[in-house]
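Working notes, beginning with the structure itself.
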Amino acid sequence: MKEFTGVVRNIDLAGRIVIPKELRRTLGWEVGDPLEIIGQDNGLVIKAYKPDPLAVTNEELRRRLKEINQLTLSYEARQLFNVHEAFSRIRQITNLSDLKDNCGP
């Protein structure tokens, strides 16, 4: 990335600052893009926000599980699909995601 010289910006009454247009263009940031702001030591780190793929996956699993619970399976299908094993694996995946969320970077 191109280096930028220091720029001084004032914080307005609403707590906003302006990120220079050239820097936004270089970073590929567009109007409306979500940004993550992280406090670090005595400053801030601002970067493009990328959602955690595990969080999306867990939500998708919950949605699909709800759909599965609404299905009526034939006897043969129930023999092939072990519900207890499926719930156990989903709990295991969810717990791993929770551990990741609580461990930090």
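In this text, residue positions in the sequence shown follow numbering that gives the first Met the number 0: the first is 0, and each later residue adds one. C-beta: ideal position from N, C-alpha, C; glycine also. Here the structure is a predicted model, which is why all the values come from computation and not from measurement.
Taken through DSSP and simplified to helix, strand or coil, A47 comes out as strand. In the three-state reduction of the DSSP assignment, Q69 falls in the coil class.
With a cut-off of 8 Å on Cβ pairs, the segment 23–34 is in contact with the segment 43–59, counting three or more such pairs. When beta bridges are read from the DSSP output, G38 appears opposite L43. Less than 8 Å divides the Cβ of I92 from the Cβ of L60. According to the DSSP assignment, E21 belongs to the alpha helix (DSSP H) that extends over 20–26.
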